[in-house]
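Numbering (the working numbering), first residue to last: 3 to 176.
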């Protein structure tokens, strides 16, 4: 989403998304390959994949928020958990948008409506944070092994959302 905001090009965003997902998948895949049946190497691989995404040395420690890399990790480990997380986050985003603005503004042709939905999905910070918290609780109970691996990395993604959430709550970000 950051690449889309910066470039305005969906192709650039999709390329970045594939790279970020791949980074998460590859990190945990390699940990499993070299240390089969061990949770700690997978947890460390997930943690450092997200840390490297959030604070990359080559970009002067200014990276993303770690959600796409975390999604790649979850896609590899447990696609059902990822699907559940996306459903919960999506529901919370749209519910928060409805409660805050009293309606969803989706006008125009199909392309404009899809763009409007996508804009809501990436800009509705409060709904996203609420959804992530609710999803983490569900994953804790439904998929405890997946939770153990992803939780430290999820903390890093949460840390990167603090500033944007504060800005959103102050009314400075739509």
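Even glycine gets a Cβ: it sits at the ideal position worked out from N, Cα and C.
For residue i, tell me which candidate among the options has the shortest Cα-Cα distance.
i, options, result
"residue 88", "112, 99, 8, 73", "73"
"residue 171", "149, 98, 146, 142", "98"
"residue 96", "165, 127, 29, 53", "127"
"residue 163", "46, 131, 48", "131"
"residue 82", "44, 100, 149", "149"
Within the same chain, show all residues whose beta-carbon is closer than 6 Å to that of residue i, passing over the 5 residues directly before and after it, in chain order.
i, result
"residue 66", "4, 55"
"residue 63", "57"
"residue 15", "5, 6"
"residue 22", "70, 71"
Below 8 Å CB to CB, which residues in the same chain sit around residue i once its five sequence neighbours on both sides are set aside?
i, result
"residue 69", "159"
"residue 27", "74, 75, 77, 78"
Decide if residue i is buried, meaning its Cβ has at least 16 other Cβ atoms within 10 Å, or exposed.
i, result
"residue 12", "exposed"
"residue 40", "exposed"
"residue 111", "exposed"
"residue 10", "exposed"
Quick one: what's got a C-beta closer than 7 Å to residue i's C-beta in the same chain, skipping five residues either side?
i, result
"residue 90", "133, 136, 137, 140"
How far does the alpha helix (DSSP H) with residue i in it extend, from its first residue to its last?
i, result
"residue 40", "First-last for residue 40: undefined, no H or E at that position."
"residue 93", "81 to 103"
"residue 6", "4 to 9"
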